Amino acid sequence: MAILKAIAIMFHGINKINRVYFYFILFSILFTSVMFIPAYARTATYFSPKTNLQNIDIHWLNKSLKVKRLYIAMYSFTDYRIAKDLLYLAHKGVKIYLYRDDKQMKDRTDKTYMLENVRNIHIEAKRDKGFWNIMHNKMFIIPGIVFREGSANWSPSAEGASCYHGNCGPSENQDNNATYITDKREINIALHNFYRIWDRKSNIVIN
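According to numbering that gives the first Met the number 0, the sequence shown holds residues 0 to 206 in order.
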């Protein structure tokens, strides 16, 4: 309030020509202040089974078409719909780097096999040495756009997307969460960590 009174007094005491200059200075200050607000620094968290995380994941995954890069580290991957979306993205020229846990990848319902020997898709797995040494991330990164992390694996029941015999909802799905971070600094931190685990000499190269 005191600042507004001071501005009013200043405005009253200046002539018409100087008022134009005054408006210019005031607008410049306000515009500069707005420009320094990190509008991209947004975080949104969703919870399954209340929310279908599969739909939200696919919404964000498709944004990789803008930058043609997608980095994924996913412990469990049994979601056919997401596997199909990754094939679509690879066909459109997105280079996909998929990092898995080698033992989890052997699950009979795992969908990694759909992505093997596909152009633009690169797959590596951590050499799992036991339950204390698993690759347990559930994340993907689109440079400059989003970093997704949380407890939800890429399985329909984990994402709140499972329906059995027409029954959907809490009784058929797990309690999980997924957070989508658009802060560029956090995205870069996640990306550098992905490079670190991807470059392990002990990794198993699949594709």
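Virtual Cβ for every residue (Gly too), placed ideally from N, Cα, C. None of these values were measured; they are calculated from a predicted model.
Three-state class that DSSP yields for residue i in the structure shown
{"i": "H135", "result": "coil"}
{"i": "D100", "result": "strand"}
{"i": "S47", "result": "strand"}
{"i": "A82", "result": "helix"}
{"i": "I186", "result": "helix"}
{"i": "R195", "result": "helix"}
{"i": "N176", "result": "strand"}
{"i": "Y112", "result": "helix"}
{"i": "Y87", "result": "helix"}
{"i": "K94", "result": "strand"}
{"i": "A157", "result": "helix"}
{"i": "I205", "result": "coil"}
{"i": "K62", "result": "helix"}
{"i": "F55", "result": "Looking at the sequence itself, residue 55 is Ile, so the reference to Phe does not match. I55: helix per DSSP, three-state reduction."}
{"i": "K200", "result": "coil"}
{"i": "K125", "result": "strand"}
Short Cβ contact (8 Å threshold) for residue i with residue j
{"i": "I71", "j": "N206", "result": "no"}
{"i": "M138", "j": "A82", "result": "no"}
{"i": "N192", "j": "Y45", "result": "no"}
{"i": "V66", "j": "L86", "result": "no"}
{"i": "G143", "j": "I186", "result": "yes"}
Cutoff 8 Å: residue i Cβ touching any chain D Cβ
{"i": "I120", "result": "In summary, chain D is missing from the structure at hand, where a single protein chain is found."}
Distance cut-off 7 Å: residue i Cβ against heavy atoms of the ligand HEM
{"i": "F46", "result": "For the structure depicted, the ligand HEM is absent and the ligand set is empty, with no information on it obtainable."}
Cβ shell of residue i (< 6 Å), same chain only, five flanking positions each side left out
{"i": "V145", "result": "W59, Y179, T181"}
{"i": "Y96", "result": "Y70, H121"}
{"i": "E158", "result": "S47, L52, Q53, A151"}
{"i": "S161", "result": "P155, E171, N172"}
{"i": "W153", "result": "M73, F76, D78, I81"}
{"i": "M113", "result": "A82"}
Burial state of residue i (16 or more Cβ within 10 Å)
{"i": "W131", "result": "exposed"}
{"i": "S201", "result": "exposed"}
{"i": "R184", "result": "exposed"}
{"i": "Y74", "result": "buried"}
{"i": "D174", "result": "exposed"}
{"i": "S136", "result": "Just to set this straight, residue 136 is Asn in the shown sequence, not Ser. Buried: at least 16 other Cβ atoms inside 10 Å."}
{"i": "T42", "result": "exposed"}
{"i": "R199", "result": "exposed"}
{"i": "Y98", "result": "buried"}
Spatial neighbours of residue i in its chain, beta-carbon cut-off 7 Å, leaving aside the 5 residues before and after
{"i": "S63", "result": "L69, L88, V93, I141"}
{"i": "G108", "result": "The question names Gly, yet the displayed sequence has Thr at residue 108. Counting only Cβ-Cβ distances below 7 Å, and skipping sequence neighbours, we find T77."}
{"i": "V204", "result": "E123"}
{"i": "K292", "result": "Outside the shown range of the chain (0 to 206) lies residue 292, about which nothing can therefore be said."}
{"i": "N119", "result": "A89, G92, V93, K94, I95"}
{"i": "W197", "result": "Y96, Y98, E123"}
{"i": "G129", "result": "none"}
Cβ-based neighbour list, residue i, same chain, cut-off 8 Å, excluding 5 preceding and 5 following
{"i": "G127", "result": "It should be noted that the sequence gives Asp, not Gly, for residue 127. D100, D101, K102, Q103, I133, M134."}
{"i": "D84", "result": "I57, L60, N61"}
{"i": "I24", "result": "Per-residue confidence for I24 stands at a pLDDT of 49, beneath the threshold of 50, marking its modelled position as unreliable; the derived number appears in the next sentence. Result list for I24: empty, nothing under 8 Å."}
{"i": "E115", "result": "I122, I205, N206"}
{"i": "R147", "result": "D56, W59, M138, F139, I140, A177, T178, Y179, I180"}
Q) Just checking, does the region 43 to 63 make contact with the region 101 to 109 on the three C-beta pairs under 8 Å criterion? A) no
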